[in-house]
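Engineer: Read top to bottom, the protein sequences are chains A and B.
The opening position of the first sequence corresponds to residue 1 in the UniProt record's numbering, with each subsequent residue numbered one higher.
The opening position of the second sequence corresponds to residue 1 in the UniProt record's numbering, with each subsequent residue numbered one higher.
Glycine included, C-beta positions come from ideal geometry on N, C-alpha and C.
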Amino acid sequence: MSSLENATSLLTKLKGLADAGDVEGGKATLSQLKIAMLDFPSSPEHTKVATEALELGVLLTVSEGDLDAFARSMAQLKPYYAGGGGTAQKSHILGLNLMYLLVDNRLSEFHSELELLTDQEASNTFVSFPINLERQLMVGIYDEVLNAGMNVPDPSYQFFVDNLLQTVRDSIADCVEVSYKTMKIKDAMTMMKFDTQKALMEYVQECRDDWIVEGETLCFQPPPMGSKASDIPSMKLISQSLSYATEMERIV
Amino acid sequence: MAKKEDPPKKDSEKKEEKDKGKKEEENAAPPLPPLEAAGRRLERLLGGGLSDKDRTLHTYSNPGKVVRRWLGTASGASGGATLEDISAAATKLLDPAGRCSAGRVLLKAETAAETAMDVEGAETPKMKEAGYLSSSADREVEGWLISLMVRLLWKDNKFSEAFALAQKGIDILMGYLNASALKITSMSGVSAASLYPLLARMFRFRSLVAESLNDPAVAASLRQDMARGQNMACLRRDVDCQATLINLMLQDLLNNAQVEQAQKLLANSTFPDSASNNQLCRYLYYSGRIQSLRLEYTSAFSNLSQCLRKAPTNTGLGFRIAAQRLLIIVQLLMGEIPDRHVFLSKGMKRELSPYLAITQAVRQGDLGVFHQVVAEQVTRLQQDGTHTLISRLAQQVVKAGLRKLHVSYSRLSLQDVADRLGLPSATSAEFVVAKAVRDGVLDATIHHEEAYVQSHDLVDVYATKEPAEAFHRRIAYCLTTHNDAVRAMRYPPDAYKKQLEASRGNRRKRNDDKTDEEKAQELEDELDEFD
């Protein structure tokens, strides 16, 4: 039983560190704990300790903002969840995982994860938050997505929401440039949720250099040019007609 | 999934059944119980049966095939069998001193409690006259009888007994296979292939029973065992077990909603080409389901429609309904509206009615109506396992609604769009319209200041390159079809020479004729002109 006691004490320490926000110390303790977990027999108590430790590990990677480490910790944790284990933190972690898949645009995996949820889990705020976000993104209700940053169910979601904002901004920019002719800079700022005009200008310069800034307005679609002779795909038509001729020749 | 359990019968099999009936009449001996008769028939088919050697029907080189066909015909005999019938057949057919004694004891043990069994010794003289099966078919009949008994126990809801028996049956058959693998050089090594269909059948029954048992520990142990069995089946080139086990594993994973795992299994295994049509249908259904859950709608669509095409038309209604409703949803998710007659086909009308309502809501393009319909049917959809797929449809509803508005109005305020589609606000509507424009659903411009959408005038299609391209696509298709047809033609050797000579001769003749005619014509023309 000594291994369990040892691990439990490490876990309490880890919890304290995680609450205090000490990422480095937490990581060091977690790796000690992981070494201890190698000798764990498969008893319910041991599994519970291991699950809790790995859950804390996931939360640590989120506060650190390391997406790759997050994916790794999730992969370690998943077998414990698949075995039917579950702690109070489970829906929180599952929600974070869904957010991660959404940010990473891995929608097929996102939907596979949804299949695994029970109704009760799916109605939990931690989990329903990313589900709603995904639906809004698919339909195109971007303003709700942008406002979602205001009411995250847990501070740990903020990291993913911020990440998502960038993706959403790109999508909005894609939509705006085909559906508007011109737009006031002020309106564009509110639509894309930029705080200052400068931020918007920087974004335009960085990612959208084909947008034309004319005083107070942004111009997306340059006036259509007159048709030219080069618009007629003459070479293509000729080759097509020639190929018809050769094929017909072959038939007759 | 009991509805998928019974393999559909084919016409040829029915005919064979009739043949069997005739043969039995010819025998004119006291009628044998159907199970025993079927067992003896298999013995003859497999080339055994020393007592009536002259009546050997056929000798096949592929015993697996023989057993597969025989299983189809024997299903008539096994239909009404009871536990007593089975154990009686076992006592008559299986030699207690032979290698199948284990199965005999097993089969008898199941009924021992219910019927007072004769003393072993008293039976023996009776056996002598009937004769046990020879070594050519005893293993097969043993496996068959065990599988029948498993099915009966399962029907009587004795799941744990059925499971134990199925497990023992698999062990017995596996034991035979291993034994014959050891003496691969002798005759028995070759004939082990006849056990494959029976083993596959046993695996299927075991999974069926395990599903009814609904015990996670059993399911976990089976998963490992099935993977091992699949491995062995591949090594033995056992097509029946390979196909059956892949399907069973996919089914197990899908029942547990392990879509990622199922996808990995799908990607890393090859389904045998020569598997039976029924297994292929199931495989197509499972792969369609996995792909639809993973948003790969195009491939899901092709798999499911192929599955429906291959599925038997006279039986397996439950299976066809399951495939059909999945196909409807996939079509809706792809932005297509399924044909109306799909919902009205025979036997499916009632089952598909919720999906008809959903389809109508999608067509209408009103989010409010759609959510209402889904809420009404929610328990039904969860039962069908389609609820998560249906909830993805909201996007298509909005698209359909927008398209409708787009064709009816040339200019519409954003607030109206929001009201019509059931969106939360005009701002949301603005984003939704913008996204639709980008996705190519609409051709319109948004005016932000005045908050309205202006549809673009319809462009004259004939002023664009579109018709030329459509024409090219069709011509290209016709030309490839022609070329493929030419390539696929077969020519008898040297036949062209005759034709060549004939045509050469003809041409010369025709040329001569023509020249004469032409000369005459020319002369006439000239004369006319001069006149």
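For residue 337 of chain B, I'd like the list of residues in its chain whose CB is within less than 8 Å of its CB, leaving aside the five on either flank, ordered along the chain.
Structural biologist: 331, 359, 362 and 363
Engineer: Would you check if there are 3 or more beta carbon pairs closer than 8 Å linking the region 264-277 of chain B to the region 238-247 of chain B?
Structural biologist: yes
Engineer: With burial defined as no fewer than 16 other Cβ atoms inside 10 Å of the residue's Cβ, what is the status of residue 39 of chain B: buried or exposed?
Structural biologist: The C-beta of residue 39 of chain B has 16 or more other C-beta atoms within 10 Å across all chains shown, which makes the residue buried.
Engineer: On the three-state DSSP scale, how would you describe residue 100 of chain A?
Structural biologist: Residue 100 of chain A: helix per DSSP, three-state reduction.
Engineer: With a floor of 4 residues, list each alpha helix (DSSP H) that falls wholly inside the region 100-170 of chain A, ordered by position along the chain.
Structural biologist: Along the length of the region 100-170 of chain A, whole alpha helix (DSSP H) runs at least 4 residues long occupy 107-116, 119-122, 125-139 and 142-148, reported in chain order.
Engineer: Could you give the C-beta distance for residue 156 of chain B and residue 207 of chain B, rounded to a whole number, given that I count them as a contact under 8 Å?
Structural biologist: In fact, because the Cβ distance is near 18 Å, the residues do not count as touching under 8 Å.
Engineer: Please name the residue or residues paired with residue 454 of chain B in a DSSP beta bridge.
Structural biologist: B/411 and B/445
Engineer: Between residue 258 of chain B and residue 117 of chain A, what straight-line distance do the alpha-carbon atoms span, to the nearest angstrom?
Structural biologist: 11 Å
Engineer: Check the DSSP bridge columns for residue 214 of chain A and list the partner residues they point to.
Structural biologist: A/217
Engineer: Suppose the cutoff is 6 Å on Cβ atoms and the five residues either side in sequence are ignored; what does the same chain contact list for residue 65 of chain A look like?
Structural biologist: 159
Engineer: Please tell me whether residue 248 of chain B and residue 289 of chain B are closer than 8 Å, where the distance is taken between their beta carbons.
Structural biologist: Going by C-beta atoms, residue 248 of chain B is not nearer than 8 Å to residue 289 of chain B.
Engineer: Is the shortest distance between the beta-carbon of residue 207 of chain A and the beta-carbons of chain B less than 8 Å?
Structural biologist: no
Engineer: Run through chain A and tell me which residues come within less than 7 Å of residue 293 of chain B, C-beta to C-beta.
Structural biologist: Per Cβ cutoff of 7 Å: 111, 112 and 115.
Engineer: By how many angstroms is the C-alpha of residue 105 of chain A removed from the C-alpha of residue 429 of chain B?
Structural biologist: Computed Cα separation, rounded: 24 Å.
Engineer: Residue 255 of chain A CB to nearest chain B CB: under 8 Å?
Structural biologist: This structure does not reach residue 255 of chain A, given that chain A is present from 1 up to 252, and the question cannot be answered.
Engineer: Against chain A, with Cβ distances strictly below 8 Å, would residue 525 of chain B count as a contact?
Structural biologist: No, residue 525 of chain B lies away from the interface with chain A (no Cβ there is under 8 Å from its Cβ).
Engineer: State the DSSP-derived secondary structure class of residue 183 of chain A, mapped to helix, strand or coil.
Structural biologist: In this structure, residue 183 of chain A counts as strand in the three-state DSSP scheme.
Engineer: If we define contact as Cβ-Cβ less than 8 Å, is residue 179 of chain B a contact residue for chain A?
Structural biologist: no
Engineer: Interface residues of chain B around residue 233 of chain A at Cβ under 9 Å?
Structural biologist: Close to residue 233 of chain A, with beta-carbon spacing below 9 Å, are these residues of chain B in chain order: 465 and 468.
Engineer: If we ignore side chains and look at the alpha-carbon of each, how far apart do residue 148 of chain A and residue 153 of chain B end up?
Structural biologist: Across the structure, residue 148 of chain A and residue 153 of chain B are spaced so that their CA atoms are roughly 56 Å apart.
Engineer: Should residue 167 of chain B go down as buried or exposed, given a rule of 16 or more other Cβ atoms within 10 Å for buried?
Structural biologist: buried
Engineer: Just reading off the alpha helix (DSSP H) that residue 249 of chain B is part of, what are its end residues?
Structural biologist: Membership of residue 249 of chain B in the alpha helix (DSSP H) is indicated by the continuous run 239-255.
Engineer: Buried or exposed: which applies to residue 233 of chain B, given that a residue is buried once 16 or more other Cβ atoms fall within 10 Å of its Cβ?
Structural biologist: buried
Engineer: Just curious, the alpha helix (DSSP H) that residue 437 of chain B is in, first and last residue?
Structural biologist: 426-438
Engineer: Mind checking the region 58-80 of chain A against chain B and listing, in chain order, the residues whose C-beta falls within less than 9 Å of any C-beta there?
Structural biologist: Flagged: no residues at all.
Engineer: Does the region 181-190 of chain A come into contact with the region 461-474 of chain B, if we say contact requires no fewer than three beta-carbon pairs (one atom in each stretch) closer than 8 Å?
Structural biologist: no
Engineer: When you compare each of A/197, A/63 and A/236 to residue 215 of chain A by their alpha carbons, which one comes out closest?
Structural biologist: Minimum Cα distance to residue 215 of chain A is reached at A/197.
Engineer: Nearest CA to the CA of residue 293 of chain B: which residue from A/165, A/107 and A/200?
Structural biologist: A/107
Engineer: Check whether the Cβ atoms of residue 169 of chain A and residue 192 of chain A sit closer than 8 Å, and answer yes or no.
Structural biologist: Residue 192 of chain A sits close to residue 169 of chain A, with the two beta carbons spaced by under 8 Å.
Engineer: Candidates B/342, B/424, B/451 and B/456: which alpha carbon is nearest residue 615 of chain B's?
Structural biologist: For residue 615 of chain B there is no data in the structure shown, the boundaries of chain B being 1 and 531.
Engineer: Return helix, strand or coil for residue 271 of chain B, following the three-state DSSP convention.
Structural biologist: Secondary structure at residue 271 of chain B: coil, using DSSP grouped into helix, strand and coil.
Engineer: Nearest chain A C-beta to residue 445 of chain B closer than 8 Å, yes or no?
Structural biologist: Taking Cβ atoms only, chain A reaches closer than 8 Å to residue 445 of chain B, which makes this a yes.
Engineer: Any C-beta of chain B sitting closer than 8 Å to the C-beta of residue 251 of chain A?
Structural biologist: By this cut-off, residue 251 of chain A is an interface position.
Engineer: Looking at residue 30 of chain A and residue 56 of chain A, is the spacing between their C-beta atoms short of 8 Å?
Structural biologist: yes
Engineer: Can you give the Cα-Cα distance for residue 95 of chain A and residue 72 of chain A, rounded to whole angstroms?
Structural biologist: 16 Å
Engineer: Can you name the residues of chain A whose CB is closer than 7 Å to the CB of residue 435 of chain B?
Structural biologist: 140 and 175
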